[in-house]
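Novice: Below you'll find the structure I mean.
In the working numbering, the protein residues as written are 15 to 252.
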């Protein structure tokens, strides 16, 4: 990865397009927003594999959970459905503070602390809950759909460059303003800087109690955007 953003080679004449990105992150990696509220220790992250983004947290026992959004705001209680037929959502099953997808069957569902929560069956989160958590990510953001130049979009296929669109949007909305960049035809592009966190669930790293834990690394994300057309021309974290 380049150490610095090199502005001159960018083709600002590229027309921005709307893309449907899929996360290229390796298994066990995801991004999460900074928590603005406190959640209980041992809360389980709900990760949307399509975007590589934590969309909320669950905490509880016996199949009844307190639900928190991605920033830690409490939303209410939720009871996990235990048997089929089930509404088909993301096919996420929480396991040991992580998730297994595609309707895998488990004999025991565990949360981060290792407490048995459920005794068998396939468990999926309902469409309603997933839609609620995903919708909460857009609070405070522009209703406009963010576009990308083809060059910027190409980096979203790289595991070491990929950043969920939600985080890029939040960088533009809430990030620190950097020095404006002048593109071709005297086009003024805005630069935004923010801190982001990337997590990796490791099967090898354990805490003092012998439980697997999440590694977390903090990076600085820089986003260059044409605000007139709502088009990202470049982004990079380091």
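We put the CB at the ideal spot given by N, CA and C, even for glycine.
Note that the structure is a prediction, hence the values are computed from the model and not measured.
Distance, Cα to Cα, residue 184 vs residue 237?
Specialist: Their Cα atoms are separated by approximately 10 Å.
Novice: What first and last residue would you give for the beta strand (DSSP E) that runs through residue 91?
Specialist: It spans 88 to 93 - the beta strand (DSSP E) in which residue 91 sits, taken as one unbroken run.
Novice: Thinking just about the alpha-carbon of each residue, which of 83, 247, 206 and 68 is nearest to the one in residue 166?
Specialist: The option with the nearest alpha carbon to residue 166 is 247.
Novice: Can the beta-carbon of residue 207 be found less than 7 Å from the beta-carbon of residue 192?
Specialist: A contact, by the Cβ cut-off of 7 Å.
Novice: From this set, 83, 210, 35 and 78, which residue's C-alpha is nearest residue 190's C-alpha?
Specialist: Residue 190 has its Cα closest to that of 210, out of 83, 210, 35 and 78.
Novice: Kindly indicate which residue of 252, 250, 240 and 251 has the alpha-carbon position closest to the one of residue 31.
Specialist: Closest by alpha carbon: 240.
Novice: Would you identify the three-state DSSP class for residue 242, choosing helix, strand or coil?
Specialist: The answer is coil: DSSP assigns residue 242 none of H, G, I, E or B.
Novice: Are the beta-carbon atoms of residue 176 and residue 38 separated by less than 7 Å?
Specialist: For residue 176 and residue 38, yes; Cβs fall inside 7 Å.
Novice: Would you please state the rounded distance, in angstroms, between the beta carbons of residue 54 and residue 73? I believe it to be under 8 Å.
Specialist: Going by Cβ atoms, the distance from residue 54 to residue 73 rounds to 5 Å, so yes, they are a contact pair.
Novice: Give every residue of the same chain whose Cβ lies closer than 8 Å to the Cβ of residue 86, excluding the five residues on either side of it in the sequence, and list them in chain order.
Specialist: If we look at residue 86 and ignore the five residues flanking it on each side, its Cβ neighbours are 49, 50, 51, 52, 53 and 71.
Novice: Residues in the same chain with beta-carbon distance under 7 Å from residue 171, minus the five sequence neighbours each way, listed in chain order, please.
Specialist: Correct list, in chain order: 38.
Novice: Given that a residue counts as buried once 16 or more other Cβ atoms are within 10 Å of its Cβ, and exposed if not, what is residue 187?
Specialist: Result: exposed.
Novice: With DSSP run on the structure shown, which of helix, strand or coil describes residue 188?
Specialist: Three-state result, residue 188: helix.
Novice: Could you give the DSSP three-state label for residue 229: helix, strand or coil?
Specialist: Residue 229 falls in the strand class under three-state DSSP.
Novice: Taking only three categories from DSSP, how would you classify residue 46?
Specialist: Here residue 46 sits in strand by DSSP.
Novice: Assign residue 81 to one of two classes, buried (16 or more other C-beta atoms within 10 Å of its C-beta) or exposed (fewer than that).
Specialist: Flag for residue 81 reads buried.
Novice: Can you say whether residue 161 is buried or exposed, counting buried as having 16 or more other CB atoms within 10 angstroms of its CB?
Specialist: Buried, since its Cβ has 16 or more Cβ neighbours within 10 Å.
Novice: Can you tell me which of the three DSSP states residue 2 falls into?
Specialist: Residue 2 lies beyond the stretch modelled for the chain, which goes from 15 to 252, so this question has no answer here.
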